[in-house]
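Notes follow once the structure below has been shown.
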Amino acid sequence: MAESNVIVALHQRLGIPADYAAGTGLFQQRTPNDLVDIGVDVFDRPQRLRMEAANAWTGLVEAASLDGVTVQLVSAYRSLEYQVNLIQRKVEAGESIGEILTRIAAPGYSEHQGGCAVDVTSPGIDSLTEVFEETQAFCWLVASAADHQFVLSYPRSNPYGVIYEPWHWCYRPIE
């Protein structure tokens, strides 16, 4: 079964609206074939990114460090199955699919699945919270991430219907 057919079936099973892509403007992500190890995250889990994104990520972290800033990795590549399980757990906990989809992209549409997205934090900050925007790391990213071809995917009032995520940055090479 083609990957897009798998995604349609998964969305139906999870109760994700058929017009999800059109309604959000998010793009379907393909599972990359060039994932490389980038070390471990703050939870000591091995993480991977696409090779080009991994090289840019390494440069970003090194540049931040040279400026006295610590940017820590919370997560990077996530498989289609991981995304399904993440949403399934939330549904089983009683959350509505509409609420879930403001915080977690539907399977097949997560930038993490494309192997170019990272969630980040800073020492002493709870992961995946808006408090991250008050850190030196966030200020550094706002000023310098574009130099490494990373962008903040979900700023305030973004058009995708996703909550503000100051911790979510995606490698987007300049065409």
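Each number in the numbering used here corresponds to the 1-based position in the sequence shown with 1 added. Backbone N, C-alpha and C fix where the C-beta goes; we use that ideal spot for every residue, glycine too.
Reduced DSSP secondary structure (H/G/I, E/B, other) of residue i
i, result
"residue 140", "helix"
"residue 64", "helix"
"residue 168", "coil"
"residue 107", "coil"
"residue 94", "coil"
"residue 153", "strand"
"residue 80", "coil"
"residue 3", "coil"
"residue 102", "coil"
"residue 120", "strand"
"residue 74", "strand"
Cβ separation of residue i and residue j, assumed to be a contact under 8 Å, to the nearest whole Å
i, j, result
"residue 77", "residue 37", "About 10 Å separates the two Cβ atoms, so there is no contact after all."
Distance between residue j and residue i (C-alpha atoms, nearest Å)
i, j, result
"residue 31", "residue 171", "15 Å"
"residue 86", "residue 175", "33 Å"
"residue 60", "residue 79", "22 Å"
"residue 109", "residue 164", "19 Å"
"residue 15", "residue 88", "8 Å"
"residue 141", "residue 127", "18 Å"
Pair within 7 Å by beta-carbon distance, residue i and residue j
i, j, result
"residue 66", "residue 84", "no"
Q: Could you name each continuous alpha helix (DSSP H) segment of 4 residues or more that falls completely within the stretch 18–66, going from the start of the chain to the end?
A: 21–25, all fully within the stretch 18–66.
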